[in-house]
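Visitor: Taken in order, the sequence shown gives residues 1 to 812; the numbers are from UniProt numbering.
Think of the CB as a built atom: it goes at the ideal place given N, C-alpha and C, for glycine as much as any other residue.
This structure is a prediction, so every number in the text was calculated from the model and none was measured.
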Amino acid sequence: MEKGKRPNAPPKKGMGGKKPTDTTDPVKNFERWKKKYDKTKTRVKQEKRQKRKPEWLVEKESIQRLVNKYNEINAQDAVKFSDFPISKNTLRGLMEAQYRQPTEIQRQTIGFALQGKDVLGAAKTGSGKTLAFLIPVLECLYRQQWTAMDGLGALIISPTRELAYQTFEMLRKVGKNHEFSAGLIIGGKDLKNESEKIHRTNIIICTPGRLLHHMDGTAAFHISDLQMLVLDEADRILDMGFADTINAIVENLPKTRQTLLFSATQTKSVKDLARLSLKDPEYVWVHEKAKFSTPATLEQNYVVCELHQKVNLLFSFIRSHLQKKVIVFFASCKEVQYLFRVFCRLRPGVPILALHGKQQQMKRVEVYNDFIKRKNAVLFATDIAARGLDFPAVNWVLQFDCPEDANTYIHRVGRTARYKEGGEALLVLLPSEEQGMLSQLQEKKVPIDRIQVNPDKLTSVQQKLEAFLAQETEQKERAQRCFVSYLRSVYLMKNKDVFDVFRLRLQEYAASLGLAVAPRVRFLSKAQKQRVDPRKISEQVVGPQSDEEEEDEEELQPGPKCTILGADEEDDEDLRDLDLLKVVRKDVFSLEKGDQDDEEMSKKKPEKETKYKEAKKVLKRHFQVNTKVVFTEEGQVVQQWPPLQRTAVPQPEEDHTPGINVEEARERLRREDQEFDKLEYRRKVKEKHREKRLKEKAARRDASKQHNEEPGEAEEVEPYIEVDSGEEFDPSTLPDPDKLHNDSEEDNQSSPPAETRKRSHSDSSSCSDEEEEEAVGSRKRPRRQAASLPLDTGLSLAEDEELVMHLLGNRS
Ligand code: ADP
Ligand code: MG
Numbered sequence: 001m002e003k004g005k006r007p008n009a010p011p012k013k014g015m016g017g018k019k020p021t022d023t024t025d026p027v028k029n030f031e032r033w034k035k036k037y038d039k040t041k042t043r044v045k046q047e048k049r050q051k052r053k054p055e056w057l058v059e060k061e062s063i064q065r066l067v068n069k070y071n072e073i074n075a076q077d078a079v080k081f082s083d084f085p086i087s088k089n090t091l092r093g094l095m096e097a098q099y100r101q102p103t104e105i106q107r108q109t110i111g112f113a114l115q116g117k118d119v120l121g122a123a124k125t126g127s128g129k130t131l132a133f134l135i136p137v138l139e140c141l142y143r144q145q146w147t148a149m150d151g152l153g154a155l156i157i158s159p160t161r162e163l164a165y166q167t168f169e170m171l172r173k174v175g176k177n178h179e180f181s182a183g184l185i186i187g188g189k190d191l192k193n194e195s196e197k198i199h200r201t202n203i204i205i206c207t208p209g210r211l212l213h214h215m216d217g218t219a220a221f222h223i224s225d226l227q228m229l230v231l232d233e234a235d236r237i238l239d240m241g242f243a244d245t246i247n248a249i250v251e252n253l254p255k256t257r258q259t260l261l262f263s264a265t266q267t268k269s270v271k272d273l274a275r276l277s278l279k280d281p282e283y284v285w286v287h288e289k290a291k292f293s294t295p296a297t298l299e300q301n302y303v304v305c306e307l308h309q310k311v312n313l314l315f316s317f318i319r320s321h322l323q324k325k326v327i328v329f330f331a332s333c334k335e336v337q338y339l340f341r342v343f344c345r346l347r348p349g350v351p352i353l354a355l356h357g358k359q360q361q362m363k364r365v366e367v368y369n370d371f372i373k374r375k376n377a378v379l380f381a382t383d384i385a386a387r388g389l390d391f392p393a394v395n396w397v398l399q400f401d402c403p404e405d406a407n408t409y410i411h412r413v414g415r416t417a418r419y420k421e422g423g424e425a426l427l428v429l430l431p432s433e434e435q436g437m438l439s440q441l442q443e444k445k446v447p448i449d450r451i452q453v454n455p456d457k458l459t460s461v462q463q464k465l466e467a468f469l470a471q472e473t474e475q476k477e478r479a480q481r482c483f484v485s486y487l488r489s490v491y492l493m494k495n496k497d498v499f500d501v502f503r504l505r506l507q508e509y510a511a512s513l514g515l516a517v518a519p520r521v522r523f524l525s526k527a528q529k530q531r532v533d534p535r536k537i538s539e540q541v542v543g544p545q546s547d548e549e550e551e552d553e554e555e556l557q558p559g560p561k562c563t564i565l566g567a568d569e570e571d572d573e574d575l576r577d578l579d580l581l582k583v584v585r586k587d588v589f590s591l592e593k594g595d596q597d598d599e600e601m602s603k604k605k606p607e608k609e610t611k612y613k614e615a616k617k618v619l620k621r622h623f624q625v626n627t628k629v630v631f632t633e634e635g636q637v638v639q640q641w642p643p644l645q646r647t648a649v650p651q652p653e654e655d656h657t658p659g660i661n662v663e664e665a666r667e668r669l670r671r672e673d674q675e676f677d678k679l680e681y682r683r684k685v686k687e688k689h690r691e692k693r694l695k696e697k698a699a700r701r702d703a704s705k706q707h708n709e710e711p712g713e714a715e716e717v718e719p720y721i722e723v724d725s726g727e728e729f730d731p732s733t734l735p736d737p738d739k740l741h742n743d744s745e746e747d748n749q750s751s752p753p754a755e756t757r758k759r760s761h762s763d764s765s766s767c768s769d770e771e772e773e774e775a776v777g778s779r780k781r782p783r784r785q786a787a788s789l790p791l792d793t794g795l796s797l798a799e800d801e802e803l804v805m806h807l808l809g810n811r812s
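1) Is residue 286 near residue 101, with beta carbons less than 8 Å apart?
2) Return the residue from the list 208, 98, 378 that minimises the CA-CA distance to residue 328.
3) I need the DSSP call for residue 31, collapsed to helix, strand or coil.
4) Taking the C-alpha atoms as reference points, what is the distance between residue 80 and residue 141?
5) Taking the alpha helix (DSSP H) that residue 132 falls in, what are its first and last residues?
6) Could you pull the start and end residues of the alpha helix (DSSP H) that residue 314 belongs to?
7) For residue 372 and residue 186, what's the separation of their Cα atoms in angstroms?
8) Quick one, which of 346, 200, 63 has its alpha-carbon nearest residue 464's?
9) Which stretch, first to last residue, makes up the beta strand (DSSP E) that contains residue 301?
10) Let me know the secondary structure DSSP gives residue 439 once reduced to three states.
11) What does residue 262 pair with, by DSSP beta-bridge criteria?
12) Quick one: measure Cβ to Cβ for residue 136 and residue 164, integer angstroms, because I've assumed they're closer than 8 Å.
13) Any idea which residues DSSP pairs residue 398 with across the strands?
14) Taking only three categories from DSSP, how would you classify residue 116?
15) On the criterion of 16 or more Cβ atoms from any shown chain inside 10 Å, does residue 451 qualify as buried, or is it exposed?
16) Ends of the alpha helix (DSSP H) at residue 93?
17) Following the continuous alpha helix (DSSP H) through residue 379, name the residue where it begins and the one where it ends.
18) From 461, 249, 207, 507, pick the residue whose C-alpha is nearest to that of residue 519; which is it?
19) Would you tell me roughly how many angstroms separate the C-alpha atoms of residue 739 and residue 460, rounded to the nearest one?
20) How big is the Cα-Cα spacing for residue 301 and residue 426?
21) So residue 436 and residue 394 are in contact, right, with Cβ under 8 Å, and what is the actual spacing, rounded?
22) Whole-angstrom Cβ separation of residue 411 and residue 125, contact assumed at under 8 Å?
23) If you follow the beta strand (DSSP E) that residue 154 is in, where does it begin and where does it stop?
24) What residue from 355, 434, 237, 321 has the CA that sits closest to residue 331's CA?
25) Entirely within the stretch 203 to 255 and at least 3 residues each: give me those beta strand (DSSP E) ranges in chain order.
26) Using only Cβ atoms and a threshold of 6 Å, which residues come within that distance of a heavy atom of the ligand MG? Order them by chain position.
27) If you reduce the DSSP assignment to three classes, tell me which class residue 417 lands in.
28) Taking the alpha carbon of residue 70 as the point to measure from, which residue in 403, 87, 184 has its own alpha carbon closest?
29) What is the C-beta distance between residue 349 and residue 319, in whole angstroms, given that I count them as a contact (C-beta under 8 Å)?
30) If you measure between the beta carbons of residue 226 and residue 257, is that distance less than 8 Å?
31) Is the number of C-beta pairs between the stretch 248 to 264 and the stretch 276 to 295 that are closer than 8 Å three or more?
32) Secondary structure at residue 282, three-state DSSP: helix, strand or coil?
33) When you compare only the Cα positions, how much space is there between residue 636 and residue 299?
34) Would you tell me roughly how many angstroms separate the C-alpha atoms of residue 105 and residue 76, rounded to the nearest one?
35) Please say whether residue 283 and residue 504 have beta carbons closer to each other than 8 Å?
36) Along the chain, where does the alpha helix (DSSP H) that runs through residue 198 open and close?
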């Protein structure tokens, strides 16, 4: 319609361009009118015809039009998302979420993914990898007109719950105009409730462990039609920590699916790719030729700082960045737990938050959302926050503890300087870590400079921490756990060029945490002893350490660590995901679409169970629940726990029953182990007291005997007493010490630092408790006997008295 134009207006002169229409000629006018009329008539006819077509057919035709364009995709020229043959629903979702132009990784991968190819995408942190796989996921299901009845069509696996949650939120945003159902399966919630909905879910975003639970236990979990598998943070998902879980999952997926892998530090391992049976994949390394592997807008520095100054450095840093949003990365949960509490009490002037794997899910989600909203805050976190999380406007990433390797470094710093924003990163290194870490970073093309800390600007908080600990025993225990946990994390690091626990000054470190005395670290003294024979180290780590590890499980420990600790995949995943989050957000775009054909599902049930059983078995091969293994010096296993304890547990009908409640079983075992631990602890405390009394008695007798002997001999006797009380019993390895006996506290704190003790035979420390008792006992017995005999000087009573008087006279 030519709106607003007067029909008989005279033609404009001298304007150039198109010749104005002559509206005075009636013949021409009629012809024009006729042409228009015919056009409109055809359009109306077409529309009428279209209206008669069922909606799905119209959609099918428009899909066909899109698919026809797939072969003409020209990624180089794509400037807007609409330059790709993408459905209107997706385009609208993108526009509404303010995504207009694709980023480089999106531009280069979307085309391949639409064409149905397997893709390995690598691009720096914050470069938009999430949309690079979400768009193809939506399009893939749209292309096939997937409905709720079709069940699971796409599976997106994330290494952590937070990342899965974030991806889910993004999917809800850009996919809201589609009618697919989507579910977040990240564990911690009622399995049954999830199981009931899972068969109607088209897109699942999950963590590996929870997914396997469902594959194993949810009969109606229909996975054979899966179209697309996505691994976000693929290198992490494929590393040792998740190996068995992923193998078990992949084994059960249909081979015909399309697979997309994304990460900032992509795996290139042929073995990994073979495991996923990729078909002729397209490798897209957006920044392969880039000078640096971290975002250009990120400024990176490091400082070298002694271990005992790190807490002061952190406090001083926070005090001088009160208006900033900061993430601080620590090596272990216990460090986060302790330092979070004391830093809150120190009132630095900015909100402090903590995110780690030992929190309940509610708390974790609350902290996550809280940190997103805040303009200035400091988040103390473990590596669960290292990968993928997209907190807006983070100014600083401070790595309080050295990252495990350069890849972890890259992911940690990637929490700032995201999508064109700027950011700063500071890495704190111990002098012993500097060289090894720097060469790794250089190799990975990380530009980082050293800066100095002005020692005058450091505020010491040690005295304040000491005061806090003096007031609260609970805090003191936290500090002790923090201490042990940090040392363990260093000890377990694979790269010994960077991490050397034996070079740490323990007493100073303890003092910097506010502890008057460094807690005894049993595994360290044993390792110290066995450094000469490295083969023994791995044995003793599995042994004595495992009982301490019970209360110090970490999330997202790198694979090798998990292997050393003997944790199985399921436990490992448990630590990462399952135990800690209690609520799962399972949301859908449109869930209320009627019931699924359960009958059809149940027909396929037996076949699935067999497959899942196999998957489960892979895990079970490594399944150990709180097993304590102790090795003798010769490397033989010592049976510490009565086998009755475990066999007495009524076992669920193992492989015959579909859907064993693994969580319930694990919980029960844990409770029973706790009970057993308590009894064991009581027994040890009693034994220890008895031993102490006997030793004190013996010591008194020895002392009185030594009045009659050479003065130097007393020195030799003393170590028996010291070692006896110290080495035989280590309360830090037992659970709930405060609940059972006050002595545990005493033991932990009053035990003098290892270096200050006299231990003439401390070599026996690698023995098991029983062994040690025996060894010490056998050496002790003759002495006790000697001490308990009446002192025979070979003189008469009167002569004895005279001798005693003489001796006393000499002393006074
Ligand atoms: P990566 O997975 O590569 O670390 P994300 O997918 O988390 O990066 O995206 C990083 C940030 O960039 C997010 O805040 C996201 O909303 C934003 N983003 C992603 N793609 C686009 C785009 N095409 N246009 C604008 N912002 C984008
Ligand atoms: Mg990402």
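Guide: So, from the listed chains and residues:
1) no
2) 378
3) helix
4) 22 Å
5) 129 to 143
6) 310 to 319
7) 20 Å
8) 346
9) 298 to 304
10) helix
11) 121, 232
12) In fact, because the Cβ distance is near 18 Å, the residues do not count as touching under 8 Å.
13) 328, 426
14) coil
15) exposed
16) 88 to 96
17) Residue 379 -> not in any alpha helix (DSSP H); beta strand (DSSP E) instead, spanning 377 to 381.
18) 507
19) Per-residue confidence for residue 739 stands at a pLDDT of 35, beneath the threshold of 50, marking its modelled position as unreliable; no derived number is given.
20) 5 Å
21) That pair is no contact at about 27 Å.
22) 7 Å
23) 154 to 157
24) 355
25) 203 to 206, 228 to 232
26) 129, 130, 232, 388
27) coil
28) 87
29) 7 Å
30) yes
31) yes
32) strand
33) Model confidence at residue 636 stands at a pLDDT of 47, short of 50, so the residue's coordinates are unreliable; what they give is reported in the following sentence. Approximately 52 Å between the Cα atoms of the pair.
34) 12 Å
35) no
36) 191 to 198
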